[in-house]
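Below you'll find the structure, written out as structure tokens, and then a few comments.
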Amino acid sequence: MNTNQTDRRYLAGLMLGALGVVYGDIGTSPLYALRECFSGDHGIAITRGNVLGVVSLIFWALALIVSLKYLTFVMRADNKGEGGILALLAMAFPERALHAKSASKMLLIGVFGAALLYGDGMITPAISVLSAVEGLEVATPFFKPYIIPITIVILVGLFSFQHIGTGGVGKIFGPITFIWFIALASLGIKGILLAPEVISAINPIYAIQFFLHNAREAFIVLASVFLVVTGTEALYADMGHFGVRPIRYAWFFLVFPALFLNYLGQAALILTTPAAAVNPFYNLAPKWALYPLVVLATMATIIASQALISGAFSITMQAIQLGFLPRMQIRHTSSQERGQIYMPAVNGMLMVACIGLVVFFRSSSNLAAAYGIAVVLTMLITTILFHRAARRLWNWNPWVLGLLCGLFLLIELAFCGANFLKIAHGGWFPLVVAGGIFAIMATWKTGRRILREQLQAASLPLDLFIADLDANPPTRVKGTAVFMAGNPSGTPIALLHNLKHNRVLHERVILLSITILEVPHVPPTEHVQLEVLRPDFYRVIGRYGFMDEPSVDKLLGACLPLGLDVKPLECTFFLSRESIVSGRGGGMVAWRRTLFSILSRNAQSATAFFQLPANRVVELGMQVEL
6 MNTNQTDRRY
16 LAGLMLGALG
26 VVYGDIGTSP
36 LYALRECFSG
46 DHGIAITRGN
56 VLGVVSLIFW
66 ALALIVSLKY
76 LTFVMRADNK
86 GEGGILALLA
96 MAFPERALHA
106 KSASKMLLIG
116 VFGAALLYGD
126 GMITPAISVL
136 SAVEGLEVAT
146 PFFKPYIIPI
156 TIVILVGLFS
166 FQHIGTGGVG
176 KIFGPITFIW
186 FIALASLGIK
196 GILLAPEVIS
206 AINPIYAIQF
216 FLHNAREAFI
226 VLASVFLVVT
236 GTEALYADMG
246 HFGVRPIRYA
256 WFFLVFPALF
266 LNYLGQAALI
276 LTTPAAAVNP
286 FYNLAPKWAL
296 YPLVVLATMA
306 TIIASQALIS
316 GAFSITMQAI
326 QLGFLPRMQI
336 RHTSSQERGQ
346 IYMPAVNGML
356 MVACIGLVVF
366 FRSSSNLAAA
376 YGIAVVLTML
386 ITTILFHRAA
396 RRLWNWNPWV
406 LGLLCGLFLL
416 IELAFCGANF
426 LKIAHGGWFP
436 LVVAGGIFAI
446 MATWKTGRRI
456 LREQLQAASL
466 PLDLFIADLD
476 ANPPTRVKGT
486 AVFMAGNPSG
496 TPIALLHNLK
506 HNRVLHERVI
516 LLSITILEVP
526 HVPPTEHVQL
536 EVLRPDFYRV
546 IGRYGFMDEP
556 SVDKLLGACL
566 PLGLDVKPLE
576 CTFFLSRESI
586 VSGRGGGMVA
596 WRRTLFSILS
606 RNAQSATAFF
616 QLPANRVVEL
626 GMQVEL
């Protein structure tokens, strides 16, 4: 087999994988999007002009937001191959640029964008699975009382197998999603044959006329039209898993045509049979295909939900590494793929939220009112950050870049305004979730900064400490002591306390600091930096990206080629553990000081997070008042 054939097979495999992971969310939108335009709480009258106008809006939303904005421009901004709002934030505002007041404000906006993704991650599984199961009502009214219980059982099962990992299950995600898109296209073609004139909706004049004739109603229905592009952020966030080419090819050769054919088919059915608007997706299917279609749709929605759940795990790990969230338990479910992780705390929170949403809203139509606000706000923030990143990285012409981003902002602001009309009907939920998570992230970041400043003020410069050692050598004991140091240039508090209280020092001392850089990954060959401070005194600095997992064991093992032979199981690790006491100062209001204190008490211990041998760790406590 020649190289070209091998490359094509590899590309085809990546495209198939991208279908299952990247396009699961946007691929399930036909279950409810067009239905909400005509039969939801703000559904519009079913006329030829309205139907063609809505479908025209759908086509151009997919073309301008997905094809043009994300696949053509935003995905050019990759942070060492990785995408997503936190990766874009690191490119737009690197650490050295965050001291300006304007940059700090943009940092807060970017963090709020990340917080919004949690609201999306809660609503997507609930609305997707519920809308799929509702197909049973179309088959027979018998299932109506059981829709909610069946949905809850499926959601419990979905979240229960997360600890196993998605490696094995992921192999079947792509083929199932491929079959799903083929089914979407087939149903769409069947529907188009009922009224072939719907194909003319590609002409933007229908969208323009729709707005001219129905100004107020057209603006309101934009919130329902926007449902066709929910899940678009996944294209960018999952870029690192598959690369740009497979994601682009999968979109233009299969996903986009299949989605639009299905929307056209639903529109044709609504034109010929207006009563079918209550559930045009399932009404497109012949009676014999309803049950198989419900099963396929349920599988597709589970896959779509899996992508959002995995994304929540990933963004939480990034936030922890970047210092926006306290340490939490992270389990790796694959020995080959470091991106496959499981976080019990996040998984439990998402499961409870999803089940609560299903019980509270009772139907996918009601849930649709809560869906969209988090997504459109995230898109707006992505556009703003992309403008900054493009100017900083590529120095694009400001006028051209301004016009391009201005076009995206104009479209997204229109969708945003329409979605804000839904706040009273459920749209408040993702905003409350995002606001709460943002408060936690901002409080933790601020509290850690204040804490670091206080500890640095109380710390002794390392050169003065070593000079004092030479002048007043303490009693030395056998063994190697590793002192974890948050500040690479200062003397660890644990070292000072150990020397003060125990009055001894090990014969070999290692000061270990771990720094997180503004890139997703650091090559393993660059993880460790070793400095000999004196013959028995070493400074080791571990360098990681915000998507890497620090491991002290592996880090010390990497010191051997540099001339330092360290066996972690023969070392004693010294850590300082701060007990936060809520005081009156510190630059935070009382409720934030209390919140930070609670978060600190419940954060995972450094011993577990950095994979230290628990029976070799000594923690030295100290109280810090904020």
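When you read off a place in the sequence shown, starting at 1, and then add 5, the result is the number in my numbering.
Cβ atoms here follow ideal geometry from the backbone N, Cα and C, with glycine treated the same way.
Here the structure is a predicted model, which is why all the values come from computation and not from measurement.
CA-to-CA distance, residue j to residue i, given in whole angstroms
i, j, result
"residue 452", "residue 598", "8 angstroms"
"residue 438", "residue 355", "11 angstroms"
"residue 6", "residue 330", "Reliability fails at residue 6, whose pLDDT of 48 lies under 50, so the model's placement of it is uncertain and the value that follows must be treated cautiously. Answer to the nearest angstrom: the Cα atoms are 49 angstroms apart."
"residue 518", "residue 564", "14 angstroms"
"residue 153", "residue 394", "45 angstroms"
"residue 414", "residue 387", "10 angstroms"
"residue 423", "residue 77", "26 angstroms"
"residue 321", "residue 477", "46 angstroms"
"residue 193", "residue 126", "28 angstroms"
"residue 294", "residue 287", "9 angstroms"
"residue 143", "residue 150", "13 angstroms"
"residue 606", "residue 391", "37 angstroms"
"residue 211", "residue 58", "5 angstroms"
"residue 560", "residue 570", "12 angstroms"
"residue 102", "residue 118", "Bear in mind that the predicted position of residue 102 carries a pLDDT of just 47, short of 50, making it unreliable; the figure below should be weighed with that in mind. Going from the Cα of residue 102 to the Cα of residue 118 covers about 19 angstroms."
"residue 539", "residue 433", "59 angstroms"
"residue 298", "residue 291", "10 angstroms"
"residue 190", "residue 63", "16 angstroms"
"residue 397", "residue 407", "14 angstroms"
"residue 173", "residue 160", "Because the pLDDT of residue 173 is 49, which lies under 50, any placement of that residue in the model is unreliable, and the question is left without a value."
"residue 611", "residue 617", "8 angstroms"
"residue 203", "residue 265", "11 angstroms"
"residue 280", "residue 51", "10 angstroms"
"residue 104", "residue 84", "Note on residue 104: pLDDT 48, under 50, position unreliable in the model; the coordinate value appears next. Cα-Cα distance, rounded: 21 angstroms."
"residue 240", "residue 317", "15 angstroms"
"residue 255", "residue 558", "41 angstroms"
"residue 410", "residue 500", "52 angstroms"
N-terminal and C-terminal residue of the beta strand (DSSP E) that residue i is part of
i, result
"residue 534", "533 to 539"
"residue 2", "Here the chain covers residues 6 to 631 and nothing more, so residue 2 does not appear."
"residue 585", "576 to 586"
"residue 139", "Neither: residue 139 is in no beta strand (DSSP E) and is coded neither H nor E."
"residue 37", "From DSSP, residue 37 is part of no beta strand (DSSP E); its letter is neither H nor E."
"residue 542", "542 to 549"
"residue 512", "509 to 521"
Which listed residue (the options) has its alpha carbon closest to that of residue i
i, options, result
"residue 484", "188, 121, 515, 616", "515"
"residue 130", "34, 52, 184", "34"
"residue 417", "434, 468, 447, 380", "380"
"residue 237", "89, 263, 533", "89"
"residue 32", "242, 221, 310", "310"
"residue 133", "375, 280, 267", "375"
"residue 165", "64, 611, 314", "314"
"residue 248", "81, 502, 446", "81"
"residue 496", "482, 510, 471", "471"
"residue 593", "618, 466, 613, 445", "445"
"residue 214", "334, 54, 263, 234", "54"
N- and C-terminal bounds of the alpha helix (DSSP H) containing residue i
i, result
"residue 489", "Premise fails: residue 489 lies in the beta strand (DSSP E), 480 to 489, not in any alpha helix (DSSP H)."
"residue 649", "Nothing about residue 649 can be reported from this structure: the residues present for the chain run from 6 to 631 only."
"residue 248", "First-last for residue 248: undefined, no H or E at that position."
"residue 61", "53 to 66"
"residue 165", "152 to 165"
"residue 660", "Outside the displayed span of the chain (6 to 631) sits residue 660, for which this structure offers no information."
"residue 369", "369 to 373"
Whole-Å CB distance - residue i paired with residue j, under 8 angstroms assumed
i, j, result
"residue 555", "residue 615", "6 angstroms"
"residue 378", "residue 436", "6 angstroms"
"residue 61", "residue 208", "7 angstroms"
"residue 513", "residue 479", "That pair is no contact at about 14 angstroms."
"residue 548", "residue 522", "6 angstroms"
"residue 120", "residue 443", "4 angstroms"
"residue 384", "residue 87", "With 8 angstroms as the limit, residue 384 and residue 87 do not qualify as a contact, their Cβ atoms being about 19 angstroms apart."
"residue 2", "residue 276", "In this structure the chain extends from 6 to 631, so residue 2 is not present and cannot be described."
"residue 537", "residue 545", "The Cβ separation is near 10 angstroms, so there is no contact."
"residue 608", "residue 253", "Actually they are not in contact, since the Cβ atoms of residue 608 and residue 253 sit about 40 angstroms apart, beyond 8 angstroms."
Minimum Cβ-Cβ distance from residue i to chain B less than 8 angstroms
i, result
"residue 456", "Protein chains in the displayed structure number just one, and chain B is not present."
Should the segment 266 to 284 be called in touch with the segment 31 to 43, which here means at least 3 C-beta pairs below 8 angstroms?
yes
Contact between the segment 454 to 468 and the segment 524 to 532: three or more CB pairs below 8 angstroms?
no
Looking at C-beta atoms only, is the number of pairs between the segment 136 to 153 and the segment 303 to 310 that lie closer than 8 angstroms three or more?
yes
At least three beta-carbon pairs within less than 8 angstroms, the segment 345 to 352 to the segment 85 to 98
no
Three Cβ pairs or more, each shorter than 8 angstroms: is that satisfied between the segment 226 to 233 and the segment 285 to 303?
no
Indicate whether the contact test is met: 3 or more Cβ pairs, each with one atom in the segment 359 to 379 and one in the segment 62 to 81, closer than 8 angstroms.
no
Does the segment 182 to 199 come within contact of the segment 17 to 32, defined as at least 3 CB pairs closer than 8 angstroms?
yes
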